[in-house]
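A.B. asks: This is the structure, below, for whatever I ask next.
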Amino acid sequence: MAESTATATAAEIVVVQRPRRADAARNFDALLAAAREAFAEHGADASLEDIARRAGVGIGTLYRNFPTRRHLFESVYAEEVNALAKVAVDLAAEPPWPALTTWLRRFVEYTVTKKAIRDALNGESDIFLACRESLYEAGGPLLLRAQQAGEVREDMSFDDLVRMISGITSIAFPEEGQRDRVLTIALDGVRARR
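Read in order, the letters of the sequence shown are residues 1 to 194 in the UniProt record's numbering.
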């Protein structure tokens, strides 16, 4: 891990940790994938032994890569933020409104499944702040482009949008599909009135 991650991006955090040897890198990636699944299924209390088993490695390999549970949380969180940032780059050539809403829907999926990890991390940790900055750098230009195209109201900031989406994702919905309906209604309020 980098000595000071306060100014590091989410991508740099994972790259700094990822081993260079091919077999070690495969183990690292398998552990991240297994941890992502386990945290989504069992929350922050998922068993580290279960994560190692899912990854097909021993518990010693898990601890060599992630000395503490927090290191594992941070790495999974940063990797997911990197994936969201890549989605934003991939959508840059799409029309402004579909690009923004596609990214926001992916952001919702990410937020819902990563709640346990976010809750386990202190909102003021260096990695949490670096990830937040990476998210804003990825999604902010999509909002700005949609505003410049006249598709989105001009009186909102990206922070406003993130807080609205975060509010939607923090609520438990009793009915399948209800979260998507509520998101659609909220996004309708984001559209510019013509």
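Here a beta-carbon is modelled for each residue, glycine too, at the ideal position from N, C-alpha and C.
Fair warning: this is a prediction, and the values are worked out from it, not measured in the lab.
Whose CA, out of 77, 154, 58, lies closest to the CA of residue 126?
C.D. replies: Here the closest residue by C-alpha is 77.
A.B. asks: Measure how close the beta-carbons of residue 32 and residue 75 come, nearest whole angstrom, since I'm counting them as under 8 Å.
C.D. replies: The pair is a contact, with the Cβ atoms about 6 Å apart (cut-off 8 Å).
A.B. asks: Measure the CB-CB distance between residue 84 and residue 110 and report whether it falls below 8 Å.
C.D. replies: Yes, they are a contact pair.
A.B. asks: So, with DSSP's three-state summary, where would you put residue 190?
C.D. replies: If DSSP states are grouped into helix, strand and coil, residue 190 belongs with the helices.
A.B. asks: Taking the C-alpha atoms as reference points, what is the distance between residue 56 and residue 129?
C.D. replies: The straight-line gap from Cα to Cα measures roughly 32 Å.
A.B. asks: How far does the alpha helix (DSSP H) with residue 88 in it reach, from first residue to last?
C.D. replies: Segment 69-91, the alpha helix (DSSP H) holding residue 88.
A.B. asks: Starting from the Cα of residue 53, find the closest Cα among 67, 37, 43 and give me that residue.
C.D. replies: For the residues 67, 37, 43, the minimum Cα distance to residue 53 belongs to 37.
A.B. asks: Assign residue 47 to buried or exposed, taking buried as 16 or more other Cβ atoms, counted over all protein chains shown, within 10 Å of its Cβ.
C.D. replies: Answer is exposed; the Cβ neighbour count stays below 16.
A.B. asks: What does a CB cutoff of less than 7 Å around residue 18 pick up in its chain, not counting 5 residues either side in sequence?
C.D. replies: Once the five neighbours on either side are set aside, the close Cβ partners of residue 18 are 25, 28.
A.B. asks: Taking the alpha carbon of residue 184 as the reference point, which residue from 100, 39, 79 has its own alpha carbon closest?
C.D. replies: Of the listed residues, the one whose Cα sits closest to residue 184 is 100.
A.B. asks: Can you tell me which of 63, 96, 94, 158 puts its alpha carbon nearest to the alpha carbon of residue 49?
C.D. replies: Nearest option by C-alpha distance: 63.
A.B. asks: Report all residues from its chain with a CB closer than 8 Å to the CB of residue 151; omit the five preceding and five following residues, and keep chain order.
C.D. replies: Excluding sequence neighbours, residue 151 sits near 96, 97, 100, 191, 192.
A.B. asks: What three-state label does DSSP hand residue 182 in the structure shown?
C.D. replies: Looking at residue 182 - three-state DSSP - the assignment turns out to be helix.
A.B. asks: Report yes if the C-beta distance between residue 138 and residue 186 is below 8 Å; otherwise report no.
C.D. replies: No.
A.B. asks: How is residue 175 classed by DSSP in three states: helix, strand or coil?
C.D. replies: Residue 175: coil per DSSP, three-state reduction.
A.B. asks: Relative to the C-alpha of residue 140, which candidate in 154, 131, 159 has its C-alpha closest?
C.D. replies: The candidate whose alpha carbon is nearest that of residue 140 is 159.
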